[in-house]
Amino acid sequence: MKFGHFDDDNREYVITNPATPWPWINYLGNKDFFSLISNTAGGYAFYKDAKFRRLTRYRYNNVPMDSGGRYFYIKDDKTIWSPGWKPCKTKLDQYECRHGMNYTKIKGEKDGVSAEALFFVPLNTHAEVQKLSLTNNTKSSKNLKLFSFTEWALWNAVADMENFQRNFSTGEVEIDGSTLYHKTEYKERRNHFAFYSVNTPIDGYDTDRESFMGLYNGFHEPQVVLEGQAKMSTAHGWSPIASHYIEVDLQPGETKDFIFTLGYVENDEDNKWESKGVINKDKANEIIAKFNTSDKVDAALAELRTYWDDLLSNYTVNTGHEKLDRMVNIWNQYQCMITFCFSRSASFFESGIGRGMGFRDSNQDLIGFVHQIPDRARERIIDIASTQFPDGSCYHQYQPLTKKGNNDIGSGFNDDPMWLILGTTAYIKETGDWSILDEQVPYDNDESLAQPLFHHLTVSFDHVVNNLGPHGLPLIGRADWNDCLNLNCFSRDPNESFQTTENKTEGSKAESLMIAGLFVVYGREYVEVCRKLGKNEEAERAQQHVDNMVRSVKAHGWDGDWFLRAYDFFGNKIGSQENDEGQIFIESNGWCSMAGIGIEDGLVEKALNSVKEKLDCEYGIVLNNPAYTKYYIEYGEISTYPKGYKENAGIFCHNNPWIIIGETILGRGDQAWEYFRKICPAYLEDISELHKTEPYVYAQMIAGKDAFKPGEAKNSWLTGTASWNFYTISQYILGIRPDYDGLIIDPCIPADWRSFEATRKFRGATFKIRVTNPNGVNKGVKRLSIDGEEVEGGNMIPLLPKGHYTVEVELG
Ligand code: GLC
Ligand code: GLC
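Numbering (the numbering used here), first residue to last: 754 to 1565.
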């Protein structure tokens, strides 16, 4: 069952039934000021950091679902309705929500009145702009009462939910014409406030929640709206809100636009006040003036659209597969931009308070967006590397507002450092900007410890080398990529988190085959970087460590039909036929295959065949099998999940691409494509009622074959799945892969694909690439020509001057 449809020309998903199986959301803003918005206008806004600068309040996991947002109430005689259906839930005559690139349009119609609301954050603006157009489609005039509503959060989203003995006394507002200011705590340590404004005179307002709602009323029945009369309340403590009241007369056929601006302002210390106790509103007035007419708003939206035209023009394809094209050209790239902005911090599953920017997550996200915004990728790499320690280990996360690392979600994950090599080399391959390696980058955010970025790559590499276990394999630390394989925690206390509890590494023999594969892949990258820089001795040294690792994996990491997953604290095997449960895992088989370890002896082929046989199911490849059915204290969190969910045999979409890339290394294009399609959201649109999350973005997890309801997805939007899948489809299946000295073309496609086209902008040049497959092969470039001239014996487009080039590629 579907709840809407794709509109590819407008790059929108159009929801036509508001009661989606889960709120289907979108993101507004792509720099500094952000909002989340659901298809019923639920969600919230924040500045830079969803924890420390939360502007509006939202209630996660509430009853009813998706409570709190920017709501418009329309009172038409006795009927009260909202264009987004919620919160009133009055049955609408028509409803449509269009989620587009950083904007959302929600339209509702009731009794001949239509209300269309556009929501977006204009480029470089610290405000969400909302344009509400009300139209009278009847033959008689209408007298409507319009109420806006938003509820302020008291800045720190954590304290906002718990410290009520203080919170209920701090709230302060100011009312100035049609602008309602939220200035809580402005007078002491804070230099910022928020405001909600409308570009028309108002007939009333409310700023105190209790006065507006009535203490025991829900969002669907505010007292003020029921009575049709604003109370002109001024909040003192309790819960400040902002609500405008406007009487709207509409002649038959008439439309009126109202522009609301929800903004954020910071003032300098010596410029805080207009007069004693009265805030300086200059900056707010500037923002309001910039968007106070429909023409200005429309122009700003057009500008945003152009911005996206540009971002999405760097890589486009025409494969003849509609669903694939819309994912590659629009939604997958869009999702990559969103994971760039938020890492894992704010979605409808991530509450914006627990997890800031992750070290490993952000490095992996980079491979999905570096071609769109290389400058911001550069800044991101430096930010991430600045939180690293001199011995190569890392803070697992940093807070976007301060950019300082912290241990709030644990530390000691031994895979972390290697991802920096991935992020940095992906950036250099895209841009050719080797200068980034000379950039002085602090350790532990301490400038006095700064070293060139290259040094950070060296210590990342060496962190693995310096932490090897008894089999010469990498010690796992608290965990590797799989946060839940906690081999050194031995937690008996249900009140502690596996991520932050003591990590008992003393005397531990716990080694990771996943890090081993990762090390071989990115260790080789490191070697190549060294060679390019003429650091041949260092390259030699590193190469030996990589070779040793390959040997160790072959000697101690092979289980007969697949790669082992790990050795536990005591040196026992995990992911082996010897185990009762958890005999085979996806991560080590993915990474050791990507590294091609033992490919010459058929190990990769065997491993991937075993994955197909033991882990694949209708909805994707599960993480491990058989699923754990009891708690294993020596394995940790993985065995706390019911079977089929999350890291315990869920389809953890993030790691499916590792197997897919492995398949392309073997040249098995049909298998790669089958796996890709299984978890690709556009292909799941028809089973939306089962899949539950948005059909336009990837979710972190789909319940696996052992789960109660296989196929049900959770945790959409903020997941490494976005970048890994874009990377896989664009660079390994379609095979257009940036490298230091050119663009490699090496597709691995289903045999029955006869051709596809792609446009790739790369280092200033634009390549129109046409791949043909006359003999129906999976892989192998037979001929490559640029503007009619054949490139001898290779499949790389060399670096070329700015300009447009036509590239013909023949497989065979
Ligand atoms: C989550 C985390 C990621 C981790 C993965 C597997 O997606 O964000 O860092 O690798 O879970 O546990
Ligand atoms: C839990 C999740 C995992 C996530 C980790 C960190 O362990 O299962 O996916 O990465 O928490 O928050």
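Cβ coordinates follow ideal geometry from the N, Cα and C atoms, glycine included.
For ligand 2, a non-hydrogen atom lies closer than 6 angstroms to the CB of residue 1399. Straight-line spacing of the CA atoms in residue 1164 and residue 1256 works out to 9 angstroms. Counting along the chain, the unbroken beta strand (DSSP E) around residue 881 starts and ends at 880 to 889. Around the beta carbon of residue 1280, 16 or more other beta carbons lie within 10 angstroms, which makes this residue buried.
Distance from the CA of residue 1237 to the CA of residue 1319, rounded to the nearest whole angstrom, comes to 13 angstroms.
Residue range 1169 to 1184 is occupied by the alpha helix (DSSP H) that includes residue 1170, with no beta strand (DSSP E) assigned at that position. Bridge partners of residue 775 according to DSSP: none are assigned. In the structure shown, residue 990 adopts coil according to DSSP, grouped into three states. Below 8 angstroms, too few C-beta pairs join the segment 1019 to 1035 and the segment 815 to 824 to call them touching: fewer than three. Each residue's CA atom was taken as its position, placing residue 1340 and residue 1103 some 24 angstroms apart. A straight line joining the alpha-carbon of residue 1392 with that of residue 1230 spans about 18 angstroms.
Checking the DSSP bridge columns, you'll see residue 1159 partnered with 1150. Between residue 837 and residue 772, the C-beta spacing is not below 7 angstroms. Here residue 893 carries a coil assignment [DSSP, helix/strand/coil]. Residue 1272: member of the alpha helix (DSSP H) spanning 1266 to 1285, first to last residue. One thing to note: residue 1220 has its Cβ within 7 angstroms of the Cβ of residue 1228. Taking one beta carbon from each stretch, the segment 1346 to 1362 and the segment 1266 to 1283 have 3 or more pairs nearer than 8 angstroms; the two touch. For residue 1309, the uninterrupted alpha helix (DSSP H) segment begins and ends at 1289 to 1309.
Taken from the Cβ of residue 1390, at least one heavy atom of ligand 2 lies inside 6 angstroms. If you keep only unbroken beta strand (DSSP E) runs of at least 3 residues inside the segment 974 to 1035, you get 993 to 1003, 1008 to 1019, 1026 to 1028.
A distance of 7 angstroms or more separates the beta carbons of residue 1170 and residue 1109.
By the neighbour-count criterion, in which 16 or more other beta carbons inside 10 Å mark a residue as buried, residue 1090 falls on the buried side. Counting along the chain, residue 825 sits inside the beta strand (DSSP E) bounded by residues 824 to 829.
Excluding five sequence positions before and after residue 1405, the CB atoms of its chain that fall closer than 6 angstroms to its own CB belong to 1376, 1454, given in chain order. Residue 841 has its Cβ no nearer than 6 angstroms to any heavy atom of ligand 2. Taking each of 915, 989, 832, 1522 in turn and checking the Cα distance to residue 865, the smallest one comes out for 832. Here residue 1442 is exposed. Its C-beta has fewer than 16 other C-beta atoms within 10 Å. Taking the C-beta atoms as reference points, residue 878 is found no nearer than 7 angstroms to residue 790. Around the CB of residue 1201, fewer than 16 other CB atoms lie within 10 Å, so the residue is classed as exposed. For residue 990 and residue 870, the gap between their C-alpha atoms comes out near 31 angstroms.
Uninterrupted alpha helix (DSSP H) stretches at least 4 residues long and entirely within the segment 1436 to 1524 occur at 1441 to 1444, 1474 to 1480, given in chain order. Checking the 6 angstroms criterion, the Cβ of residue 1168 is out of range of every heavy atom belonging to ligand 1.
Under the DSSP assignment, residue 1090 falls in the alpha helix (DSSP H) whose first and last residues are 1085 to 1095.
Using a Cβ distance threshold of 7 angstroms, residue 1548 and residue 1499 count as a contacting pair.
With fewer than 16 neighbouring CB atoms inside 10 Å of its own CB, residue 1493 falls in the exposed class. Runs of beta strand (DSSP E) with 3 or more residues, each lying fully within the segment 1203 to 1236, are absent.
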